[in-house]
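A.B. asks: Numbering (our numbering), first residue to last: 93 to 738. Beta carbons are placed, not taken as given, at the ideal position from N, Cα and C, and that holds for glycine.
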Amino acid sequence: GEKVTHALNKTCSPSLPWSLREVTCEVNYMEVSVKSEITCPSSPEKNDWDNLKLAHSPSADWQVTFQRGGEQLPPASLKTARHSDYVFDLTHGRLMFRTPYGQPHSFIAVLDGVPVEVVHATLFSRQSWLVLLIDLITACSMYEAVLDEGYMSWETPDVMYPGLHTTNLSFSLSADLMTPEEAEAKGFIAEKHNNTVGISVPYDAEGGYRKSVVSGDLFEFYTYDLYTEQLSVDEDGIETRLRTLRTMSTPLLTRALLDENRTVVEEQRFTLYLGDIPQDLKLVWVELNRQRFEVPLNSSSISVDEVVHPNDTHGLVLKVPFNNSPVTQTFTVENIEYKLDINYTLMVTPERELYHHRTSFMAVVPDLAPPQFKVSCSESSITFKLDHKPSSYKWAFTVDSEPLTVDLATRKGLVMVNDSRALQLDVPLLSHGYANKNYSLQGFLGTFEIQVRDQETYQVQSSTVKTCPFFTNELLVCSPAMWMIAVVDLTLAVASGGVPSQMTLRHQRCVPKEADGTRALFMFPVNDCSSFVKLGKGTVTYENEILYSKSSTDGTADRVILQCTYPVSSLYRLFSTVTLESDTPGVGRIIHTSQMETGTNELTCRSNLLNIQMCDSVLSFIFCSRFLWPTSAYSKTFLPKQLIVM
């Protein structure tokens, strides 16, 4: 943009009285001033000094000559010197000479190993027989500060002018001057080596200015405005005060941020700290395994909290749960390894430069928890799925206390696929192993359970239980408790004039628990409601019938027959207790039949025959053969009223 200059005038009064000679080494110029009221051997009149006020007028007869390296240069008028950026002035009783650094008349002298820029000017004026000479010498240390072991070091000669010796040294980075002893208490170092004074400033000293810079990596530099005062006297006790202002800057320094893992694995999350962040950097976004999250975060599970420190830095605490989507998991034989790759994007203000800080963390968690199946419901089955891990060898899976194997799945009507990647078990609705409840015409709840056991102790460590709602038009459950639960489609009976809610079993007190326009729900013990018992080879079949008209029993109407068949081997309590129980569920059939035109007693199964077994039983048909029942071996107390031997 266009350069704009603004005038600034400021008058300051010194806090201390002026010394006879004051030398100032500013950042971009040198200056020396002396008192104008001095006693000369020739006793010049006061008006001679007043003539200096005419230095800027064409009629002024004051001239200046410079000395450089032992050579005296030709004199020049003050006006000519002014055009070369030299300034001579008389103000408030002091004669002042100011010059920029690097002027043609300056030269570099080396004093005790320290480069010093010197300008030696002599003012003179011839007035009648009197020649007035004023020697004005300014000398400033040009030593370039260096960074050495964490300190910015600067040097200056102890005595800048011959015939003087230093009586006092003080310096500061702010307004308050410190003696060497006071400075050392704050971490500064002020030392004198031979005739050289060295001042060392800690690179992070209070009073300095720090700035961040992005140049591929993150860097920083420190800048200090060092101010020193050296008070020297000659043998007559006349003071010379040397004031020096130097701006010292470090080179670019690599700025390392602190990565700290504060994760506690029991909390099941990463807790990560990024510290030593300078105040001129702020977080704008963070990438977790390449997923970007703007700040402030909208995630309910991921958080970033700022921590402010008194040393002008701040830190960030990032919390990410192990089970969060950005976190990757790797399974080993004994452990689960959670890994999180992080890219913090920080912005340097006010320049808006972006810096990317990348880091990675890993948490190793012993894989001690039993695995959990993923479960889903469908209209006709429940599906269990478990992805294999290296630690899968630790666990065994059982259904009804039996090991889950291909043979067990085949016997129970389950569909099992177990490969190198996963174990999947599909449990069809009619499979053995279900626990069902809440039967109604609207459906029922089917529950299936897989147990997870320790392979060594075989103790149950956990289980996966899933309950799903199912609907079927018809079903017949033959429970181990020897109950029939039947939902029956009575469409044919309704067509013949039957009303489902008014239908009964063989005994008229056995009425539906629930009924609608075409279906009815019956629940009753298998040996109740005038049930028949049919004995087959190794089986016992309980049979009842739904009656919906007077002709239902005389063979002239459609019939609905309910059958539950149990293995004799499972009925171990049949003849030892009045309460009938079974080790296994029975196999049920709902038979819709009609009297054949031939008039024989042979029953014909219709196409809508539904042969269903529920509650941990296997769907199958029963094939009965005749055998001789050894009635003498059992008490007649437990025989049913009607016994049919096939």
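Count the other C-beta atoms from every protein chain shown that fall within 10 angstroms of the C-beta of P109, then say buried if there are 16 or more, exposed otherwise.
C.D. replies: What you label residue 109 is simply residue 17 of the sequence shown in a count that begins at 1. Exposed, since its Cβ has fewer than 16 Cβ neighbours within 10 Å.
A.B. asks: For T424, which residues from the same chain have a beta carbon less than 6 Å from its beta carbon, with the 5 sequence-adjacent residues on both sides left out?
C.D. replies: On the sequence shown, residue 424 is found 332 positions in, with the first residue counted as 1. Excluding residues within five positions, the ones whose Cβ falls inside 6 Å are P482.
A.B. asks: From which residue to which residue does the alpha helix (DSSP H) around H58 run?
C.D. replies: Because the chain is modelled from 93 through 738, residue 58 falls outside the range shown and cannot be assessed.
A.B. asks: Could you give the distance in angstroms between the alpha-carbon of F489 and the alpha-carbon of R545?
C.D. replies: Reading the sequence shown from its first residue, position 397 is the one you call residue 489. Reading the sequence shown from its first residue, position 453 is the one you call residue 545. It is roughly 6 Å from the alpha-carbon of F489 to the alpha-carbon of R545.
A.B. asks: D309: which of T339, T346, Y295, F280 sits nearest, CA to CA?
C.D. replies: Locating residue 309 in the sequence shown gives position 217, counting from the first residue. Residue T346 is the option with its Cα nearest to D309.
A.B. asks: Less than 9 Å separating the beta-carbons of T259 and S324?
C.D. replies: The residue you call residue 259 lines up with position 167 of the sequence shown. The residue you call residue 324 lines up with position 232 of the sequence shown. Yes, Cβ-Cβ distance for T259 and S324 is below 9 Å.
A.B. asks: Distance, Cα to Cα, R513 vs D479?
C.D. replies: Residue numbering aside, residue 513 sits at position 421 when the sequence shown is read from its first letter. Residue numbering aside, residue 479 sits at position 387 when the sequence shown is read from its first letter. Answer to the nearest angstrom: the Cα atoms are 6 Å apart.
A.B. asks: With C-beta atoms as the reference, is K411 less than 9 Å away from Q421?
C.D. replies: Within the sequence shown, numbered from 1, the residue matching residue 411 stands at position 319. Within the sequence shown, numbered from 1, the residue matching residue 421 stands at position 329. Against a cut-off of 9 Å, the Cβ pair of Q421 and K411 comes out as no contact.
A.B. asks: Using CA coordinates, which residue listed in G255, T539, L344 is at the minimum distance from L239?
C.D. replies: If you number the sequence shown from 1, residue 239 lands on position 147. Minimum Cα distance to L239 is reached at L344.
A.B. asks: Is the separation between the beta-carbon of Q159 and that of T214 shorter than 9 Å?
C.D. replies: Taking the sequence shown and counting its residues from 1, the one referred to as residue 159 is at position 67. Taking the sequence shown and counting its residues from 1, the one referred to as residue 214 is at position 122. Yes; because the gap between Cβ atoms is below 9 Å, this pair is in contact.
A.B. asks: Can you confirm whether the segment 371–383 touches the segment 464–476 when touching is taken to mean that 3 or more C-beta pairs between the two stretches lie within less than 8 Å?
C.D. replies: no
A.B. asks: What does a CB cutoff of less than 8 Å around V586 pick up in its chain, not counting 5 residues either side in sequence?
C.D. replies: As a first step, residue 586 is located in the sequence shown; it is residue number 494 there, counting from the start. Taken in chain order, the residues that qualify are P592, G609, T610.
A.B. asks: Hey, W246 and L337: beta-carbon distance below 9 Å or not?
C.D. replies: For the purposes of this step, residue 246 is taken as residue 154 along the sequence shown, with counting starting at 1. For the purposes of this step, residue 337 is taken as residue 245 along the sequence shown, with counting starting at 1. The answer is no: Cβ separation not under 9 Å.
A.B. asks: Can you give me the C-alpha to C-alpha distance between T202 and Y436, rounded to a whole angstrom?
C.D. replies: What you label residue 202 is simply residue 110 of the sequence shown in a count that begins at 1. What you label residue 436 is simply residue 344 of the sequence shown in a count that begins at 1. A quick correction: the sequence has Val, not Thr, at residue 202. The alpha-carbon atoms of V202 and Y436 are separated by roughly 51 Å.
A.B. asks: Alpha carbon to alpha carbon, how far is P402 from S307?
C.D. replies: Counting from 1 along the sequence shown, the entry for residue 402 is found at position 310. Counting from 1 along the sequence shown, the entry for residue 307 is found at position 215. Rounded to the nearest angstrom, the two C-alpha atoms are 27 Å apart.
A.B. asks: Using DSSP's beta-bridge definition, name the partner residues of S417.
C.D. replies: As a first step, residue 417 must be located in the sequence shown, where it is residue number 325. S417 pairs with nothing; no bridge assigned.
A.B. asks: Please classify Y739: is it buried, with 16 or more other beta-carbons within 10 angstroms of its beta-carbon, or exposed?
C.D. replies: Past the edges of the chain, shown from 93 to 738, lies residue 739, and the structure says nothing about it.
A.B. asks: Drop a sphere of 10 angstroms on the beta-carbon of Q655, count the other beta-carbons inside from all chains shown, and report buried for 16 or more, exposed for fewer.
C.D. replies: By 1-based counting over the sequence shown, the position of residue 655 is 563. With 16 or more Cβ atoms within 10 Å of its Cβ, Q655 is classed as buried.
A.B. asks: Compute the Euclidean distance between the alpha carbons of N287 and F189, then round it to the nearest angstrom.
C.D. replies: Counted from its first residue, the sequence shown places residue 287 at position 195. Counted from its first residue, the sequence shown places residue 189 at position 97. If I take the Cα positions, the gap works out to 27 Å.
A.B. asks: Pair every Cβ in the segment 441–452 with every Cβ in the segment 386–402, then say whether three or more of these pairs are closer than 8 Å.
C.D. replies: no
A.B. asks: So, helix, strand or coil for A275, using DSSP?
C.D. replies: By 1-based counting over the sequence shown, the position of residue 275 is 183. Residue state, collapsed to three classes: helix.
A.B. asks: Please go through the same chain and pick out, in chain order, the residues whose beta-carbon is closer than 8 Å to the beta-carbon of G161, but skip the five residues on each side of it.
C.D. replies: Along the sequence shown, read from residue 1 onward, the residue named residue 161 stands at position 69. Contacts found: F199.
A.B. asks: Can you give me the Cβ contacts of G535 inside the same chain, cut-off strictly under 6 Å, excluding the 5 residues immediately before and after it?
C.D. replies: Residue numbering aside, residue 535 sits at position 443 when the sequence shown is read from its first letter. So the qualifying residues of the chain are P561, F562, F563.
A.B. asks: Please report the straight-line C-alpha distance between V456 and V409, rounded to a whole angstrom.
C.D. replies: Translated into the one-based positions of the sequence shown, residue 456 becomes position 364. Translated into the one-based positions of the sequence shown, residue 409 becomes position 317. Going by the C-alpha atoms only, they are around 20 Å apart.
A.B. asks: When DSSP builds the beta bridges, which residues end up paired with P476?
C.D. replies: Here residue 476 refers to the residue found at position 384 when the sequence shown is read from its first residue. Per the sequence shown, the amino acid found at residue 476 is Phe instead of Pro. DSSP, once it has assigned bridges, lists V467, L517 as partnering F476.
A.B. asks: Between Q155 and F216, is the Cβ-Cβ spacing less than 9 Å?
C.D. replies: By one-based count along the sequence shown, residue 155 stands at place 63. By one-based count along the sequence shown, residue 216 stands at place 124. For Q155 and F216, yes; Cβs fall inside 9 Å.
A.B. asks: When you compare only the Cα positions, how much space is there between P442 and I226?
C.D. replies: Here the question's residue 442 lines up with position 350 in the sequence shown. Here the question's residue 226 lines up with position 134 in the sequence shown. Going by the C-alpha atoms only, they are around 51 Å apart.
A.B. asks: I need the straight-line Cα distance from G538 to S661, nearest angstrom please.
C.D. replies: Within the sequence shown, residue 538 is the residue found at index 446, counting from 1. Within the sequence shown, residue 661 is the residue found at index 569, counting from 1. Going by the C-alpha atoms only, they are around 27 Å apart.
A.B. asks: Using three-state DSSP, classify H431 as helix, strand or coil.
C.D. replies: Mapped onto the sequence shown, residue 431 falls at position 339. Here the sequence assigns Lys to residue 431, which means His is not the residue at that position. DSSP places K431 in strand when its eight states are reduced to three.
A.B. asks: Residues in the same chain with beta-carbon distance under 8 Å from H148, minus the five sequence neighbours each way, listed in chain order, please.
C.D. replies: Working through the sequence shown from its first residue, we reach residue 148 at position 56. Residue confidence for H148 is low, a pLDDT of 39 falling below 50, so the modelled location carries little weight; the figure read from the coordinates is stated next. Counting only Cβ-Cβ distances below 8 Å, and skipping sequence neighbours, we find L170, K171, R174.
A.B. asks: Quick one: which unbroken beta strand (DSSP E) runs of 3-plus residues sit fully inside the segment 355–406? Chain order, please.
C.D. replies: 361–370, 373–380, 383–386, 395–400
A.B. asks: Less than 8 Å between the CB atoms is what I'm expecting for F414 and I474, so what's the real figure, rounded?
C.D. replies: One-based indexing of the sequence shown puts residue 414 at position 322. One-based indexing of the sequence shown puts residue 474 at position 382. That pair is no contact at about 28 Å.
A.B. asks: Can you list, in chain order, the stretches of the alpha helix (DSSP H) that have 4 or more residues and sit fully within the segment 239–318?
C.D. replies: 272–277
A.B. asks: In this structure, does DSSP put L100 in helix, strand or coil?
C.D. replies: Locating residue 100 in the sequence shown gives position 8, counting from the first residue. Reduced to three states, the DSSP call for L100 is coil.
A.B. asks: Compute the Euclidean distance between the alpha carbons of G300 and V419, then round it to the nearest angstrom.
C.D. replies: Residue 300 sits at position 208 when you count from the first residue of the sequence shown. Residue 419 sits at position 327 when you count from the first residue of the sequence shown. Each residue's alpha carbon lies about 42 Å from the other.
A.B. asks: For P136, which residues from the same chain have a beta carbon less than 8 Å from its beta carbon, with the 5 sequence-adjacent residues on both sides left out?
C.D. replies: Residue 136 sits at position 44 when you count from the first residue of the sequence shown. Its pLDDT being 45, under 50, P136 is placed unreliably by the model, and nothing is read from it.
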